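Chemist: My questions will all concern the structure given below.
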Amino acid sequence: MNDNVVTKVDELDGSFTTKDRLLNHVRIHTGEKPFTCPFCPYCATKKDKLIQHIRTHTGEKPFSCPHCPFRSSTKHTLNNHVRIHTGEKPYSCPSCPYRASQRKYHFSPLAAASAFRLGRGPERRSGTLELPFPVDVHEM
Numbered sequence: 001m002n003d004n005v006v007t008k009v010d011e012l013d014g015s016f017t018t019k020d021r022l023l024n025h026v027r028i029h030t031g032e033k034p035f036t037c038p039f040c041p042y043c044a045t046k047k048d049k050l051i052q053h054i055r056t057h058t059g060e061k062p063f064s065c066p067h068c069p070f071r072s073s074t075k076h077t078l079n080n081h082v083r084i085h086t087g088e089k090p091y092s093c094p095s096c097p098y099r100a101s102q103r104k105y106h107f108s109p110l111a112a113a114s115a116f117r118l119g120r121g122p123e124r125r126s127g128t129l130e131l132p133f134p135v136d137v138h139e140m
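Each residue of the sequence shown is one higher than the one before, starting from 1 at the first, in UniProt numbering.
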């Protein structure tokens, strides 16, 4: 790490709760990826990301659904799956009453169009679907 980066890091020191979080942030700027997969060329900035990646090679799925036999390699995927059982829909649209169990299901052009086709938005006019807001795939 050069002196210029160290100076900037010293200025940011108070913004992070731990030295590890600060170091992880600095790696975004330096491009350093010290954690290397033993099975392929993949490298990661954080050890937990490498562990998660290695599971794609080993097939390990340590996270279990309490409601069914489903198992997952990531806690995030398990949390999304459990919502199937609980019915939880924490993501709501600011433009309509639609709610979704996962953010990606509503905040995509296809999901938005689907919600409107199901009567949760404007009706079809002249064979086209008119949405009350612009849908930009690149901002999703």
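Glycine residues also receive a C-beta, built at the ideal position from the N, C-alpha and C atoms.
Because the structure is a prediction, the values reported are computed rather than measured.
Assign residue 5 to one of two classes, buried (16 or more other C-beta atoms within 10 Å of its C-beta) or exposed (fewer than that).
Modeler: Along the sequence shown, read from residue 1 onward, the residue named residue 5 stands at position 5. Confidence at residue 5 is low in this model, with a pLDDT of 47, below 50, so the placement of that residue should be treated as unreliable; the coordinate-derived value is given next. Residue 5 should be labelled exposed.
Chemist: Quick check on residue 73: buried or exposed, where buried means 16 or more other Cβ atoms within 10 Å of its Cβ?
Modeler: Here the question's residue 73 lines up with position 73 in the sequence shown. Burial call: buried.
Chemist: So, under 8 Å CB-CB, residue 47 and residue 35 are touching, yes? Tell me the CB distance rounded to an integer number of Å.
Modeler: Within the sequence shown, numbered from 1, the residue matching residue 47 stands at position 47. Within the sequence shown, numbered from 1, the residue matching residue 35 stands at position 35. The pair is a contact, with the Cβ atoms about 5 Å apart (cut-off 8 Å).
Chemist: So what does DSSP say about residue 17, is it helix, strand or coil?
Modeler: Residue mapping note: residue 17 aligns to position 17 of the sequence shown, counting from 1. If DSSP states are grouped into helix, strand and coil, residue 17 belongs with coil.
Chemist: Of the choices 19, 38 and 30, whose alpha-carbon is the least far from that of residue 53?
Modeler: Position 53 of the sequence shown, counted from the first residue, corresponds to residue 53. Ranking the options by Cα distance to residue 53, first place goes to 38.
Chemist: Measuring only the C-alpha atoms, how far is residue 33 from residue 43?
Modeler: As a working mapping, residue 33 is identified with position 33 in the sequence shown. As a working mapping, residue 43 is identified with position 43 in the sequence shown. One C-alpha to the other measures close to 6 Å.
Chemist: Among 67, 91 and 101, which one has its Cα closest to the Cα of residue 83?
Modeler: Residue 83 sits at position 83 when you count from the first residue of the sequence shown. Residue 83 has its Cα closest to that of 101, out of 67, 91 and 101.
Chemist: Are the Cβ atoms of residue 228 and residue 40 separated by less than 9 Å?
Modeler: Outside the shown range of the chain (1 to 140) lies residue 228, about which nothing can therefore be said.
Chemist: Judging by CA-CA distance, which residue of 66, 71 and 50 is the nearest neighbour of residue 60?
Modeler: For the purposes of this step, residue 60 is identified with residue 60 of the sequence shown, where counting begins at 1. Out of 66, 71 and 50, 71 has the C-alpha closest to the C-alpha of residue 60.
Chemist: On the premise that residue 45 lies in contact with residue 79, defined as a C-beta separation below 8 Å, what is that separation, rounded to the nearest angstrom?
Modeler: Walking along the sequence shown from the start, residue 79 turns up at place 79. Walking along the sequence shown from the start, residue 45 turns up at place 45. Wrong, their Cβ atoms sit about 23 Å apart, outside the cutoff.
Chemist: Which runs of the beta strand (DSSP E) at least 3 residues long sit entirely within the UniProt domain "C2H2-type" (63-90)? Give them in chain order.
Modeler: none
Chemist: Alpha carbons only, please: which of 93, 99 and 27 is nearest the one belonging to residue 87?
Modeler: Translated into positions along the sequence shown, residue 87 becomes position 87. Selected option, being the one with the closest Cα: 99.
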